[in-house]
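Novice: The following block contains the structure, expressed as structure tokens.
There are 2 protein chains.
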Amino acid sequence: MSATRSSRGNGAPRERNSKAAADKRRLILDAAVRVFARQGFHACRVSDIADEAGVAYGLVYHYFGSKDEVLDTLFLERWQVMLELIREVDAGPLPVREKLGAIASFIIDSYRHDPDLMKVIIVEVTRAANSFGDTHIDTIREAYELIGKIVQQAQDEGVFKREIEARFAAMAFYGVIEQLLTGWIFDLLPQGADEFERAKAVVVETVCGGLEAPVSDRTTPGNRLPQ
Amino acid sequence: MSATRSSRGNGAPRERNSKAAADKRRLILDAAVRVFARQGFHACRVSDIADEAGVAYGLVYHYFGSKDEVLDTLFLERWQVMLELIREVDAGPLPVREKLGAIASFIIDSYRHDPDLMKVIIVEVTRAANSFGDTHIDTIREAYELIGKIVQQAQDEGVFKREIEARFAAMAFYGVIEQLLTGWIFDLLPQGADEFERAKAVVVETVCGGLEAPVSDRTTPGNRLPQ
DNA sequence: TGCAATGTTGACTGACCAGTCAATCTATTT
DNA sequence: AAATAGATTGACTGGTCAGTCAACATTGCA
């Protein structure tokens, strides 16, 4: 399965018909999201994707080097956007609580906006050791590390207590979010605009509540990170 | 893939050679854990399991109805033990923090004792919507609900604040644990006896810290659950 | 000793499906 | 209008693998 990864890095043809071509490519990607979400990556056939997109079987291979590459593309496309968001938040001047709140909001809104895509990313990539998770491990790790950096800074400022290692705290934070999405994906938690908003509050309340230092410690600024 | 689920519910032959037969069965199960952990359920062949166990291909089908049934068995075997532990803890008289601590300890110790098995359960079942996760959803849900019950009780006692719904809190708690295991599985977090112990503290600190009510609210006992 | 009954073997089959490719179509350029 | 290049089609192939089965082995009992 994971043998034939990629081969034609580009995917999208250049000039000329590029507009129409890009549209077809997107059509296939969107169809793939639906099919992967409905049947799972392993259980679906490439022909299911083609059928869902209303194109011929071979066209999938015109735009993508392999079935794997379709999923890779979907994952990277979304994860890069998320990494960018986290980097921006990290660089900004907000207090930790709001930084983490912004990240939680982004991920939960991603789910609200396209639950199928997030389902596919979580189910087929983020948790899939031995297959896609392993392939993209460095990309995934980067998110954890950026969150860890935010926690670290809060610890340096004395807002978060130091007893809990930043790495651990970052995993905890991300874990809570992903588990909430998992709850929605498996239909274990009710969904809806209200629920999503409340979930955002839960993430921040729960995790930050447990990480914050007693008010006294707000002294000792410690050494901030160079940048 | 998920078509031929079960057919011979028993699996273990009865009397007579039952001792030796049970051993062979276990031999196959243990081999399957290693193979599933190493290659993943989808990527491995039944012959890999047979080879790893040092038995003939056909013997796997003597003890199990299908490849799926092997994984089902591994999952259920472990999950039932966990459910029992949670039920005991729930019924006991400990304060919430210790109840949740005991659950976190159990899961983390399960990983320490048999990381391959926990890897398989998390990667192939717990997060696998559309395949095994879907099949076992009710069994999985039960764990979340039992944890929710513990949180609920703490809220009734005024130890945990009521703003965060028990269901959410339970998911958050479990999510933190599973994400830590995921960190170890993907080699994103260092492992070792010390790390595991610290992780237990992190889970309880982080989540309970965020859920506990300010000391004042310890009044209003509210209505306890009937039992 | 002989006869069930269960344990064990591995070659074989039938279905399935990712990926290929030669042919056809469409648009753009000159 | 002819030429070129990319877009689109879908039948076909080659390999893979879950599951079957008929034969052989071992065990316990009568």
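Heads up: the protein sequence lines correspond to chains A and B, in order. Positions in the first sequence are counted from 1; adding 25 to them yields this note's numbering. Positions in the second sequence are counted from 1; adding 25 to them yields this note's numbering. The C-beta atom is built at its ideal place from N, Cα and C for all residues, glycine as well.
Closest by CA to D97 (chain B), which one among B:L84, B:P118, B:A75, B:H161?
Specialist: Comparing Cα-Cα distances from D97 (chain B) to each of B:L84, B:P118, B:A75, B:H161, the minimum goes to B:H161.
Novice: Kindly give me the distance between the Cβ atoms of L206 (chain A) and M107 (chain A), rounded to whole angstroms, as I take these residues to be in contact under 8 Å.
Specialist: The Cβ separation is near 13 Å, so there is no contact.
Novice: What does the alpha-carbon distance come out to for the pair Y86 (chain B) and R103 (chain B)?
Specialist: Answer to the nearest angstrom: the Cα atoms are 22 Å apart.
Novice: Using a Cβ-Cβ distance cut-off of 8 Å, determine whether E203 (chain A) contacts chain B.
Specialist: Yes, its Cβ sits closer than 8 Å to a Cβ of chain B.
Novice: In chain B, what lies closer than 7 Å to Y169 (chain A) by C-beta?
Specialist: Chain B residues near Y169 (chain A): L213.
Novice: Distance cutoff 8 Å, beta carbons only. Does S135 (chain A) sit that close to anything in chain B?
Specialist: By this cut-off, S135 (chain A) is not an interface position.
Novice: Do the CB positions of A197 (chain B) and V227 (chain A) come within less than 8 Å of each other?
Specialist: Contact: yes.
Novice: Comparing the C-beta of F193 (chain A) with each C-beta of chain B, is any distance below 8 Å?
Specialist: Chain B contact via Cβ: present.
Novice: Which chain B residues are close to M107 (chain A), counting only those with a beta carbon under 8 Å from its beta carbon?
Specialist: Here the premise fails: no neighbours, minimum Cβ distance about 16 Å.
Novice: Per DSSP, what kind of secondary structure is F211 (chain A) in: helix, strand or coil?
Specialist: It is coil, neither helix nor strand.
Novice: With a threshold of 8 Å between beta-carbons, can R30 (chain B) be considered close to chain A, or not?
Specialist: At R30 (chain B) the pLDDT is 35, less than 50, meaning the model places this residue with poor confidence and gives no usable figure here.
Novice: Check whether the segment 183–193 of chain B touches the segment 210–220 of chain B, counting contact only when three or more Cβ pairs, one atom from each stretch, lie closer than 8 Å.
Specialist: Too few Cβ pairs lie closer than 8 Å, so no.
Novice: For the ligand NAP, any of its heavy atoms closer than 7 Å to the Cβ of A68 (chain B)?
Specialist: Only the bare structure without any ligand can be found here, which leaves the ligand NAP out of the picture.
Novice: Quick check on L101 (chain B) - is its C-beta less than 8 Å from some C-beta in chain A?
Specialist: No, its Cβ sits nowhere closer than 8 Å to a Cβ of chain A.
Novice: Using C-beta distances below 7 Å, list every residue in its chain close to R122 (chain A), excluding the 5 sequence neighbours before and after it, in chain order.
Specialist: These residues qualify, in order along the chain: V229, C233.
Novice: What are the start and end residues of the alpha helix (DSSP H) that includes L171 (chain A)?
Specialist: Note, L171 (chain A): alpha helix (DSSP H), 162–181.
Novice: Do Q180 (chain A) and G200 (chain B) have their beta-carbon atoms positioned less than 8 Å apart in this structure?
Specialist: Result no, Cβ atoms of G200 (chain B) and Q180 (chain A) do not sit closer than 8 Å.
Novice: Ends of the alpha helix (DSSP H) at Q105 (chain B)?
Specialist: Element bounds for Q105 (chain B): 92–116.
Novice: By DSSP, does F89 (chain B) sit in helix, in strand, or in coil?
Specialist: Reduced to three states, the DSSP call for F89 (chain B) is coil.
Novice: Using the beta-carbon of each residue, which ones in chain A are nearer than 8 Å to E230 (chain B)?
Specialist: In chain order: E188, I189, G235.
Novice: For T245 (chain A), name the three-state secondary structure that DSSP assigns.
Specialist: Unreliable placement is indicated for T245 (chain A), whose pLDDT of 49 sits below 50; the coordinate value is still reported in the next sentence. It is coil, neither helix nor strand.
Novice: Taking just the CA atoms, how far does S135 (chain B) sit from A125 (chain B)?
Specialist: A small correction: the amino acid at residue 125 (chain B) is Leu; Ala does not occupy that position in the sequence shown. Going from the Cα of L125 (chain B) to the Cα of S135 (chain B) covers about 15 Å.
Novice: Enumerate in chain order the residues of its own chain whose CB-to-CB distance from A154 (chain A) is below 7 Å, with the five nearest sequence positions on each side excluded.
Specialist: There are no such residues.
Novice: What are the boundary residues of the alpha helix (DSSP H) that V232 (chain A) is part of?
Specialist: That run of the alpha helix (DSSP H) goes 218–236.
Novice: I'd like to know if V227 (chain A) contacts chain B, where contact means its C-beta is closer than 8 Å to some C-beta of that chain.
Specialist: Answer yes: the Cβ-Cβ gap between V227 (chain A) and chain B drops below 8 Å somewhere.
Novice: For a quick check, are the C-beta atoms of V148 (chain B) and I128 (chain B) less than 8 Å apart?
Specialist: Taking 8 Å as the Cβ cut-off, V148 (chain B) and I128 (chain B) do not qualify as a contacting pair.
Novice: If you reduce the DSSP assignment to three classes, tell me which class F7 (chain A) lands in.
Specialist: Lying outside 26 to 252, the shown extent of chain A, residue 7 (chain A) is not represented and no answer is given.
Novice: Where A37 (chain A) and G158 (chain A) are concerned, what is the direct C-alpha to C-alpha distance, given to the nearest angstrom?
Specialist: Since pLDDT at A37 (chain A) reaches only 39, below the 50 mark, its modelled position is unreliable, and no value is offered.
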